[in-house]
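Worksheet: one structure, shown below.
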Amino acid sequence: MFTGIVQGVAEVIAITEKQDFRTHTLRLPAALLPGLELGASVAHNGCCLTVTAINGDQVSFDLMRETLRVTNLGLLQTGSLVNIERAARFGDEIGGHAMSGHILCMAKVARVIDLPNNRTVWFELPAEHIKYVFAKGYIGIDGISLTIGEVTDNRFCVHLIPETLERTIIKSRKVGDLINIEVDPQTQAIVETVERVLAQRGAAA
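Taken in order, the sequence shown gives residues 1 to 205; the numbers are from full-length UniProt numbering.
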């Protein structure tokens, strides 16, 4: 489990490509290295990956075909930066909201509005997924736990404070960029349960 509180930004320093498979190596910040072991879970832009090799501060992870298809990790290049969060431990403070590290889809940055000490970013979500997005609900944006501002058609926005911009890669996102999205799992479960019940009632009528 993750909390959506990004702990650092890491640089991709090497990528090995195979058919429908990729291994990438990050240089992790020193603060995230203590206790890190093979098999540990680390979120990259909100996507849970497993540590496969450790060489000092250079840590490797494998990405299978589904991960490359659903997330923006397949778009990374050497030198790219990613938001990093290590898995939460029992007793840790949940400063954001409970996140699984399972990416639902990608959203496209549709508009960026900069104001003094604030930034608002609008995202365009695939139409079939907007049903999970509600104003003032939680959402994971590249692994960042954020509160949804407004929802219009298949678009929604989030409002960002300077601290979030300083600590994460969202400060560099621009119109057209693809962003990993994880919706609040409780909201997703409720919506899908209601849909299933209504469909069953409709079939029985």
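Just so it is clear, CB atoms sit at the ideal spot from N, CA and C, and this is done for glycine as well.
Does the beta-carbon of residue i have 16 or more other beta-carbons within 10 angstroms, so that it is buried, or is it exposed?
i: residue 146; result: buried
i: residue 64; result: exposed
i: residue 184; result: buried
i: residue 10; result: buried
i: residue 208; result: Residue coverage of the chain in this structure runs from 1 to 205, which leaves residue 208 outside it and unanswerable.
i: residue 196; result: exposed
i: residue 7; result: buried
i: residue 61; result: buried
i: residue 30; result: exposed
i: residue 22; result: buried
i: residue 52; result: exposed
i: residue 140; result: buried
i: residue 88; result: buried
i: residue 39; result: exposed
i: residue 144; result: buried
i: residue 179; result: buried
i: residue 170; result: buried
For residue i and residue j, I'd like the C-alpha separation in whole angstroms.
i: residue 176; j: residue 33; result: 33 Å
i: residue 78; j: residue 16; result: 10 Å
i: residue 116; j: residue 26; result: 34 Å
i: residue 181; j: residue 132; result: 11 Å
i: residue 36; j: residue 193; result: 38 Å
i: residue 111; j: residue 204; result: 44 Å
i: residue 173; j: residue 162; result: 14 Å
i: residue 76; j: residue 136; result: 31 Å
i: residue 142; j: residue 198; result: 33 Å
i: residue 57; j: residue 49; result: 17 Å
i: residue 2; j: residue 200; result: 34 Å
i: residue 71; j: residue 202; result: 35 Å
i: residue 113; j: residue 47; result: 26 Å
i: residue 43; j: residue 109; result: 21 Å
i: residue 128; j: residue 106; result: 12 Å
i: residue 153; j: residue 85; result: 31 Å
i: residue 12; j: residue 45; result: 12 Å
i: residue 155; j: residue 73; result: 22 Å
i: residue 138; j: residue 55; result: 36 Å
i: residue 18; j: residue 118; result: 42 Å
i: residue 100; j: residue 14; result: 26 Å
i: residue 126; j: residue 189; result: 18 Å
i: residue 166; j: residue 160; result: 10 Å
Could you check how far apart the C-beta atoms of residue i and residue j are, in whole angstroms? I think they sit under 8 Å.
i: residue 187; j: residue 123; result: At roughly 16 Å, the Cβ-Cβ gap does not stay under 8 Å, so residue 187 and residue 123 are not in contact.
i: residue 28; j: residue 59; result: 5 Å
i: residue 83; j: residue 164; result: Contact doesn't hold; Cβ gap of about 11 Å is too wide.
At 4 residues or longer, and completely inside the UniProt domain "Lumazine-binding" (98-194): list those alpha helix (DSSP H) runs for me, N to C. 162-167
For the UniProt domain "Lumazine-binding" (1-97), list the alpha helix (DSSP H) runs that are entirely contained and at least 4 residues long, ordered along the chain. Taking only runs of at least 4 residues, the alpha helix (DSSP H) segments lying wholly in the UniProt domain "Lumazine-binding" (1-97) are 65-70.
With three or more C-beta pairs closer than 8 Å as the rule, is the segment 54-71 touching the segment 134-149? The segment 134-149 makes no contact with the segment 54-71: fewer than 3 CB pairs, one atom from each, lie closer than 8 Å.
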